[in-house]
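Just so you know, we're using my numbering here: the sequence shown kicks off at 1352 and counts up by one. For every residue, glycine included, the Cβ atom is placed at its ideal position computed from N, Cα and C. Everything below concerns the one structure shown next.
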Amino acid sequence: MPRPKISTPSYLLHKPTGQARVRLKIDGRFRDVYLGEYGSPESREKYHRLMVEHYGGNGQGPAESVSTPPADSVDWTVAELAVMYDDFASRHYVNDERYRAAIGPLVSLYGSTLARDFGPKKLQALRESIIQRGQIRSAKFDDLGNLLKPGEPLGRGYVNNLIKSVVRMFKWAVTEEMIPPSVPEALRMVGGLRKGRDRRVREPEPVKPVPEEHFRLVVEAASPHIATMLQVQRLAGMRPDEVTIIRPCDLDQEGEVWTYRPNSHKTEWLDHEKEILLGPRAQELLKPWLVGREPDEYVFSPREAAEENARKLEKRRKQPKAKRVPLSKKRPPRDRYDDRAYRQ
1352 MPRPKISTPS
1362 YLLHKPTGQA
1372 RVRLKIDGRF
1382 RDVYLGEYGS
1392 PESREKYHRL
1402 MVEHYGGNGQ
1412 GPAESVSTPP
1422 ADSVDWTVAE
1432 LAVMYDDFAS
1442 RHYVNDERYR
1452 AAIGPLVSLY
1462 GSTLARDFGP
1472 KKLQALRESI
1482 IQRGQIRSAK
1492 FDDLGNLLKP
1502 GEPLGRGYVN
1512 NLIKSVVRMF
1522 KWAVTEEMIP
1532 PSVPEALRMV
1542 GGLRKGRDRR
1552 VREPEPVKPV
1562 PEEHFRLVVE
1572 AASPHIATML
1582 QVQRLAGMRP
1592 DEVTIIRPCD
1602 LDQEGEVWTY
1612 RPNSHKTEWL
1622 DHEKEILLGP
1632 RAQELLKPWL
1642 VGREPDEYVF
1652 SPREAAEENA
1662 RKLEKRRKQP
1672 KAKRVPLSKK
1682 RPPRDRYDDR
1692 AYRQ
């Protein structure tokens, strides 16, 4: 019986980055190996070298005399690592894309650097670049390029978080056996920016409670939906993203004090259930909104608020409604408020 033919993997283009790639089976798993700029002599050379190492140059599957190279024996560049990490992180960190703010400057500075050669000195240089870029981005210039107004410095905590994102990317690369563990271990030795030690970054201002008189004015001016949400949030000490997702099924209304268990919250990645206690005042605010509500229906709905506002405008109308030229359709209101809509 003839041995089944295994075709040689193709030299492919990764369109989003312009990188050449080839898909190889390494340690029993198929992986995309990035080769450099598509069409460049260097990428072609790397492709042919991998074919010889991996297939013995005959295109008929791995040669018996050539062992499959371990993943960390491939000379991954920082740009290649960043492309693969972005694919992983976009699925893993579904509600947080801040890591991309760090990967962009990293690839710009060190995209062609081998990932195994990225050390503490380069990480510190990246941090300097991020600080300078932040100041330049917010600066104002005239038509001749003269500086009119210096840029606002980035926050110290923000810069530290970006650097942590970079280190996290290299830690992930170790779990994928792309680089040796010594790389992220060395990067961890770079300490974060200390409070008051660097004038080029901004210290965060302490978050203080809103004065009671200001809060009352906002509640009086807000719509009934938003006014109730603001008061419930303040009474219960909730986060904005917790008050926007209240549903009857998440409320335990037994006893004098209700318990609200949000189906999603900021610290759910710690794998524990959060409980928020609602006293009599918060209960009185919520009760009218629970009447006739389905168990899995959001209590505060932008769609209902828009319909209620339209009815009020219709009642105030004094002249007959004129025919208007149809405009492009706007996106209909959602079933619940998100943080952005709530802030507005």
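List the whole-angstrom C-beta distance separating residue i from residue j, where the pair is believed to meet the contact cut-off of C-beta under 8 Å.
i	j	result
L1432	A1466	5 Å
T1610	L1628	6 Å
L1477	V1517	7 Å
V1510	V1552	6 Å
L1586	R1519	The Cβ separation is near 37 Å, so there is no contact.
E1626	R1612	6 Å
V1434	T1368	5 Å
R1507	E1554	6 Å
Mind checking residue i: buried by the 16 CB within 10 Å criterion, or exposed?
i	result
P1639	exposed
G1630	exposed
K1397	buried
V1458	buried
H1347	Residue coverage of the chain in this structure runs from 1352 to 1695, which leaves residue 1347 outside it and unanswerable.
A1572	exposed
G1643	exposed
G1606	exposed
S1615	exposed
G1588	exposed
G1485	buried
F1521	buried
T1579	buried
L1364	exposed
With H, G and I counted as helix, E and B as strand and the rest as coil, what does DSSP make of residue i?
i	result
F1439	helix
Y1450	helix
D1426	coil
Q1604	coil
Y1389	coil
L1375	strand
G1508	helix
T1610	strand
V1541	coil
G1410	Reliability of the predicted coordinates at G1410 is poor, the pLDDT of 43 falling under 50, and no value is obtained from them.
R1400	helix
P1420	The pLDDT assigned to P1420 is 43, lower than 50, so where the model puts this residue is not dependable; a value taken from the coordinates is nonetheless given after this. Three-state result, P1420: coil.
K1356	Low confidence applies here, because K1356 scores a pLDDT of 47, under 50, leaving its location unreliable; read the following figure in that light. Correct three-state label for K1356: coil.
D1383	strand
K1366	coil
Cβ contact check for the segment 1594–1603 and the segment 1532–1547: 3 or more pairs under 8 Å: no
At what residue ranges does the segment 1550–1591 contain a whole run of the alpha helix (DSSP H), taking only runs of 4 or more? Taking only runs of at least 4 residues, the alpha helix (DSSP H) segments lying wholly in the segment 1550–1591 are 1563–1572, 1575–1587.
Per the contact definition of three or more C-beta pairs closer than 8 Å, is the segment 1370–1379 in contact with the segment 1387–1395? Yes: at least three Cβ pairs fall under 8 Å.
Going along the chain, which unbroken runs of the beta strand (DSSP E) with 3 or more residues stay wholly within the segment 1612–1661? 1627–1629, all fully within the segment 1612–1661.
Answer yes if the segment 1579–1598 comes into contact with the segment 1640–1653, meaning at least three C-beta pairs across the two stretches below 8 Å, and no otherwise. yes
Using 8 Å as the threshold, is the segment 1467–1484 in touch with the segment 1518–1537, meaning 3 or more CB pairs across them? Taking a cut-off of 8 Å on C-beta distances, the segment 1467–1484 touches the segment 1518–1537, as three or more cross pairs fall below it.
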